[in-house]
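Residue numbers (the UniProt record's numbering): 1 to 437. C-beta atoms are modelled at their ideal positions from N, C-alpha and C, and glycine is treated no differently. Model, not experiment: these values are computed from the prediction.
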């Protein structure tokens, strides 16, 4: 009996349906690129989550697969878009070399794209890629008291410089692809550090800042956020509170034009001096109206507590994101604002607020990082993704040094400057949580 040969397009439609349903445990996935002109279904995107107990653990790798008109008689071209060190991958181009991957060099028509991705994941977990187990230290660890916690001496000593972190730049041309990656990643990396950049403040307090109540501060925040435009959003994803960052995204928006929109000149000049290109944002940035539905569908927001948010002095950051998500001005009452923060973002931790309960920590993000001996691993200050990365690493170090025993739950849901009992009683510590709003 002659075997029936399935036509190419039918075969690809079958693979598309299989990819949309998901493969195995979800650590391998793929789908067709959103290119309306690709009538031959040639361009595909794959994602592999680095396997446990390998040097690739905790990272997400994106690949491009190109199925030419002779597929599946011949294998697709496979290229890593994420940097990776594997024997079968060209280190300069990211191309998976057919001669070095058994499945490609011995291609059979019944093989599929998910077979290729699964094979690559197995290769990542091969013995030569396994992590070395840490040796047990026989010497006794000395401990140093600091602030509210007890710190092992090895945390005081200078650590090795962390490997460089790739910041994924998100513009209008790739925003759909990057948010597809976020949707695939968020289940495995549900801890999100966030920072934004915006054009300063134009409304100032009428009295000394030390005399402002939380409601005064919120009123200033509301007036500024309602009047100004968001410029950048930085997101860093991690697997657990103690895990290193796995992914970092910098979303560049197009809505702000310093030639026509209100802003604080000093703030805009500062952003420009740190590499922000306003012309590029206007020409190539993401429209806020496009970003809002992508955020809603990403799994980042409205997660019912599944996603945890880590920030630094973030009342304004959440204000801008909420204005974008709800599509209107912020509510007049601070209590309504905090309810929206809870609905959209669930568990939030503001490192600036947490610092108030850690002896010896004060000042801005850079100062706190220097005190904790945390280095910036990518980008520059006053760029959203870089600052979100640094905020995450500062949070991790604070947990190690100050909060090993008590944990961080008591700090959940409070934003610095908007503490519910700010100035209500100077003798009381501001330890209220969101539930008291």
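Given a threshold of 16 other Cβ atoms within 10 Å of its Cβ, counted over all protein chains shown, does residue i qualify as buried or as exposed?
{"i": "residue 363", "result": "exposed"}
{"i": "residue 341", "result": "buried"}
{"i": "residue 196", "result": "buried"}
{"i": "residue 70", "result": "exposed"}
{"i": "residue 393", "result": "buried"}
{"i": "residue 15", "result": "buried"}
{"i": "residue 76", "result": "buried"}
{"i": "residue 7", "result": "exposed"}
{"i": "residue 443", "result": "The question about residue 443 has no answer here: the residues shown for the chain are numbered 1 through 437."}
{"i": "residue 332", "result": "exposed"}
{"i": "residue 420", "result": "buried"}
{"i": "residue 170", "result": "buried"}
{"i": "residue 87", "result": "exposed"}
{"i": "residue 10", "result": "exposed"}
{"i": "residue 91", "result": "exposed"}
{"i": "residue 39", "result": "exposed"}
{"i": "residue 99", "result": "exposed"}
{"i": "residue 386", "result": "buried"}
{"i": "residue 367", "result": "exposed"}
{"i": "residue 89", "result": "buried"}
{"i": "residue 407", "result": "exposed"}
{"i": "residue 127", "result": "exposed"}
{"i": "residue 263", "result": "buried"}
{"i": "residue 210", "result": "exposed"}
{"i": "residue 260", "result": "exposed"}
{"i": "residue 84", "result": "buried"}
{"i": "residue 12", "result": "buried"}
For residue i versus residue j, is the C-beta spacing smaller than 9 Å?
{"i": "residue 454", "j": "residue 27", "result": "It is not possible to answer for residue 454, since the shown part of the chain is limited to 1 through 437."}
{"i": "residue 295", "j": "residue 226", "result": "no"}
{"i": "residue 345", "j": "residue 307", "result": "yes"}
{"i": "residue 237", "j": "residue 383", "result": "no"}
{"i": "residue 257", "j": "residue 278", "result": "yes"}
{"i": "residue 245", "j": "residue 415", "result": "no"}
{"i": "residue 186", "j": "residue 104", "result": "no"}
{"i": "residue 29", "j": "residue 117", "result": "yes"}
{"i": "residue 285", "j": "residue 172", "result": "yes"}
{"i": "residue 168", "j": "residue 274", "result": "no"}
{"i": "residue 310", "j": "residue 251", "result": "no"}
{"i": "residue 72", "j": "residue 109", "result": "yes"}
{"i": "residue 377", "j": "residue 165", "result": "yes"}
{"i": "residue 320", "j": "residue 411", "result": "no"}
{"i": "residue 253", "j": "residue 288", "result": "yes"}
{"i": "residue 326", "j": "residue 281", "result": "no"}
{"i": "residue 177", "j": "residue 33", "result": "yes"}
{"i": "residue 334", "j": "residue 418", "result": "yes"}
Less than 8 Å separating the Cβ of residue i from some heavy atom of the ligand SAM?
{"i": "residue 184", "result": "Among the ligands in the structure shown, none appear at all, so the ligand SAM cannot be discussed."}
State the CB to CB distance for the pair residue i and residue j, rounded to an integer number of angstroms; the pair is presumed to be in contact (CB under 8 Å).
{"i": "residue 198", "j": "residue 228", "result": "6 Å"}
{"i": "residue 183", "j": "residue 298", "result": "5 Å"}
{"i": "residue 305", "j": "residue 350", "result": "With 8 Å as the limit, residue 305 and residue 350 do not qualify as a contact, their Cβ atoms being about 17 Å apart."}
{"i": "residue 60", "j": "residue 181", "result": "7 Å"}
{"i": "residue 188", "j": "residue 49", "result": "6 Å"}
{"i": "residue 190", "j": "residue 399", "result": "Not quite, the Cβ-Cβ distance comes to about 16 Å (not below 8 Å), so this is no contact."}
{"i": "residue 51", "j": "residue 124", "result": "5 Å"}
For the structure I just gave you, are there three or more beta carbon pairs, one from the stretch 399-406 and one from the stretch 332-352, closer than 8 Å? No contact exists between the stretch 399-406 and the stretch 332-352.
Are the stretch 208-224 and the stretch 355-374 touching, with three or more C-beta to C-beta distances below 8 Å? Not touching, per the Cβ criterion.
Touching or not, the stretch 184-199 and the stretch 305-318, by the rule of three or more beta carbon pairs under 8 Å? Output reads yes: the stretch 305-318 touches the stretch 184-199.
Evaluate the contact criterion for the stretch 211-218 versus the stretch 265-275: three or more CB pairs, one atom per stretch, below 8 Å. In the pairwise beta carbon analysis, the stretch 211-218 is classified as not touching the stretch 265-275: fewer than three pairs are separated by under 8 Å.
Are the stretch 40-51 and the stretch 61-69 touching, with three or more C-beta to C-beta distances below 8 Å? Because the criterion of three Cβ pairs below 8 Å is met, the stretch 40-51 and the stretch 61-69 touch.
Counting only runs that start and end within the stretch 188-248, where is the beta strand (DSSP E) found for 3 or more residues in a row? Those beta strand (DSSP E) runs which fall completely within the stretch 188-248 and span 3+ residues are 191-197 and 232-238.
Length at least 4, wholly inside the stretch 89-116: the alpha helix (DSSP H) runs in chain order: Fully enclosed alpha helix (DSSP H) runs of 4 or longer: 102-105.
Between the stretch 51-60 and the stretch 198-215, do at least 3 Cβ pairs fall closer than 8 Å? With a cut-off of 8 Å, the stretch 198-215 and the stretch 51-60 do not count as touching, because too few Cβ pairs lie within range.
Report the start-end ranges of each alpha helix (DSSP H) in the stretch 293-328 that is 4 residues or longer and not cut off at the edges. Inside the stretch 293-328, DSSP marks whole alpha helix (DSSP H) runs of 4 or more residues at positions 315-326, from first to last along the chain.
Can you list, in chain order, the stretches of the beta strand (DSSP E) that have 3 or more residues and sit fully within the stretch 380-424? DSSP runs (the beta strand (DSSP E)) wholly in the stretch 380-424: none.
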